[in-house]
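Novice: Have a look at this one.
In the numbering used here, the protein residues as written are 58 to 422.
Here is the structure:
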C-alpha cells in the first residue's frame, strides 16, 4: 500500500477514535452522529420497539409507534412530594411516555396534585426525602408481575439515612474521574455503533443476515415469532427459570410470603404516614401473548396473587382477566409495554375501582 495512503488512513482512524473518545463525554458531540439520539432519562425515545434495539434485526422493526412525549415527572404539573395529594410508585409501565402517563392522567382528569417516582421501596423513599406529613393520602403502587416476586421477596423495612461524609475535594475528584472514565462507556460505544449514520445500516444488515442464516438473536429477547408485520419479541426475564418468569413454579408458601409482605408494607405506610395503599399488578406481555409461539401453561401467578391479597384484605386492582380476554392488542409486539388501548383499559378499571370504594373515592373528590 502507498505510504501516503496509509498515513491518511491512520490519520482518519485517529480522528474517528478521538471523536468517539470525546463524544461519549459530551452529549452534543455524541448525538450529532446518531440517527436516533440518546436522551438521558428517556429510554423510550426510540423509533421502533424497545426490544428491537437488542439485536437490530430488520424483521423486528415495529413501525408506527408514537414518539415519546415529555415525561410527567419532568413537567411543571408534576407535584413535589411535599405538595402532592396522591402518590404513585411504579416501574417502566407508569413511566412509559409514548402515551400520556398513568399518573399524569389522574392529575389532569381529577385536578389533583400527583407525585410519581419510578421506585419500588416507598418506605425508604419517603424516609430519605424526610417526608413527615400525616395528611390522609392515596398511594397507587404499580408493578408488572415479573417484578413482584423480587420487590416483595422480603419484608419492606425502613433503612437509616446515610450521612454525607465526602469532602469537597473528594467530590471534585470523583467528578473528574467520571469524565475520564465514563461509567456507561461500553453502553454508549455500543449505541454509537448501532445508531450512527455511518454504521447503523451496515450493523442492521449484518444482524439480519446472522439471524436468517444461523438463527442468531440477542439473549435479551430469546423468544420470538417472525411473521412480517406481525412479528413478536419477548424479553428474556419472562422466559427463563428465575422468579420473574412465566414458567417459574411458585410454592404456596412463596406466594403467601409475597402477599404477606405486600400487606405489611401497606400497614406500615398507613400507620406511619396515614397513606392508603392500592396495588396495581399488571400482566407481563409474555403472559398474555405467548400463544403466538406456543401453548405453554401459565403458572397462574396473578390469579394466585389476587386470591392471596383478597384473603388478607389488601386493596388491589384486578386487570388480568380483562387483559387476557380482550379482543384488541394491548401491548406492542416488539416492545415490552402497553399501547394506548392497554393503558386505557387499566386506567379505566383503576378509576372505577377507586370510585366504588367508600374510602378511596374521597381522594378523587
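Cβ atoms here follow ideal geometry from the backbone N, Cα and C, with glycine treated the same way. Bear in mind the structure is a predicted one, so any value in this text is a computation, not a measurement.
Indicate the three-state DSSP secondary structure (helix, strand or coil) for residue 332 in the structure shown.
Specialist: Here residue 332 sits in strand by DSSP.
Novice: Rounded C-beta distance between residue 198 and residue 336? I'm assuming under 8 Å.
Specialist: Separation of the CB atoms of residue 198 and residue 336 is rounded to 5 Å, and the pair is thereby assigned contact status at 8 Å.
Novice: Might you give, ordered along the chain, the residues of its own chain that have their beta carbon closer than 6 Å to the beta carbon of residue 265, omitting 5 neighbours on each side?
Specialist: 114 and 115
Novice: Does the separation of the CB atoms of residue 388 and residue 382 fall below 8 Å?
Specialist: no
Novice: Taking all protein chains shown into account, do 16 or more other C-beta atoms lie within 10 angstroms of the C-beta of residue 243, making it buried, or fewer, making it exposed?
Specialist: Residue 243 is exposed by the Cβ-count criterion.
Novice: Can you tell me the Cα-Cα spacing of residue 253 and residue 103, whole angstroms?
Specialist: 13 Å
Novice: Between which two residues does the alpha helix (DSSP H) harbouring residue 381 extend?
Specialist: 377-381
Novice: So, is residue 230 buried or exposed, given that buried needs 16 or more other C-beta atoms within 10 angstroms?
Specialist: exposed
Novice: Does the stretch 353-360 come close enough to the stretch 304-312 to have 3 or more Cβ pairs within less than 8 Å?
Specialist: yes
Novice: If we count Cβ pairs, one from each stretch, closer than 8 Å, do we get three or more for the stretch 373-381 versus the stretch 140-150?
Specialist: no
Novice: In whole angstroms, what separates the C-alpha of residue 297 from that of residue 316?
Specialist: 23 Å
Novice: Taking the alpha carbon of residue 163 as the point to measure from, which residue in 274, 100 and 404 has its own alpha carbon closest?
Specialist: Of the candidates 274, 100 and 404, the one whose C-alpha sits nearest the C-alpha of residue 163 is 404.
Novice: At 3 residues or longer, what runs of the beta strand (DSSP E) sit wholly inside the stretch 184-242?
Specialist: 194-201
Novice: Do residue 212 and residue 175 have their CB atoms nearer than 8 Å?
Specialist: no
Novice: Taking the alpha helix (DSSP H) that residue 67 belongs to, which residues open and close that run?
Specialist: Taken as a continuous stretch (DSSP letters only), the alpha helix (DSSP H) holding residue 67 covers 60-80.
Novice: Would DSSP call residue 146 helix, strand or coil?
Specialist: Three-state result, residue 146: strand.
Novice: Do the CB positions of residue 239 and residue 245 come within less than 8 Å of each other?
Specialist: Yes, Cβ-Cβ distance for residue 239 and residue 245 is below 8 Å.
Novice: Using the Cα positions of residue 61 and residue 71, report the straight-line distance between them to the nearest angstrom.
Specialist: So the alpha carbons of these two residues sit roughly 15 Å apart.
Novice: Leaving out five residues before and five after residue 390 in sequence, what residues of the same chain have Cβ atoms less than 6 Å from its Cβ?
Specialist: 119 and 289
Novice: Alpha carbon to alpha carbon, how far is residue 112 from residue 333? Give it in angstroms, no decimals.
Specialist: 43 Å
Novice: If distances are taken between C-alpha atoms only, which option among 172, 262, 157 and 413 comes closest to residue 117?
Specialist: Distance from the Cα of residue 117 is smallest, within the candidate group 172, 262, 157 and 413, for 262.
Novice: Between the beta-carbon of residue 343 and the beta-carbon of residue 108, is there less than 8 Å?
Specialist: Contact: no.
Novice: Pull the bridge partners of residue 288 from the DSSP assignment, please.
Specialist: DSSP, once it has assigned bridges, lists no residue as partnering residue 288.
Novice: Output needed for residue 178: all residues of its chain with C-beta closer than 7 Å, excluding positions within five of it in sequence on either side, in chain order.
Specialist: 213
Novice: State yes or no: is the C-beta of residue 339 within less than 8 Å of the C-beta of residue 150?
Specialist: yes
Novice: Nearest by alpha-carbon distance to residue 401: which of 99, 418, 196 and 386 is it?
Specialist: 386
Novice: What residue ranges within the stretch 335-414 form continuous alpha helix (DSSP H) runs of no fewer than 4 residues, ordered along the chain?
Specialist: 342-346, 358-369, 377-381 and 397-413
Novice: By how many angstroms is the C-alpha of residue 328 removed from the C-alpha of residue 321?
Specialist: 10 Å
Novice: Can residue 98 and residue 128 be called in contact, C-beta distance under 8 Å?
Specialist: yes
Novice: Do you know offhand how far residue 94's Cα is from residue 123's?
Specialist: One Cα belongs to residue 94, the other to residue 123, and the distance between them is close to 16 Å.
Novice: Only counting the same chain, and skipping five residues up and downstream in sequence, which positions put a Cβ closer than 6 Å to that of residue 349?
Specialist: Here residue 349 has 282 and 289 as same chain residues with Cβ atoms under 6 Å from its own Cβ, once five neighbours each way along the sequence are excluded.
Novice: What residue range is occupied by the uninterrupted beta strand (DSSP E) comprising residue 280?
Specialist: Here the beta strand (DSSP E) through residue 280 covers 280-282.
Novice: Below 8 Å on the Cβ atoms is my contact criterion, and I expect residue 82 with residue 251 to pass it. Report the Cβ-Cβ distance as a whole number of Å.
Specialist: A Cβ-Cβ separation of about 19 Å leaves residue 82 out of contact with residue 251 under the 8 Å criterion.
Novice: Could you give the distance in angstroms between the alpha-carbon of residue 280 and the alpha-carbon of residue 226?
Specialist: 49 Å
Novice: By the DSSP assignment, the alpha helix (DSSP H) with residue 258 in it spans what residues?
Specialist: 257-271
Novice: Give, in chain order, every unbroken run of the alpha helix (DSSP H) that is at least 4 residues long and sits entirely within the stretch 82-146.
Specialist: 84-89
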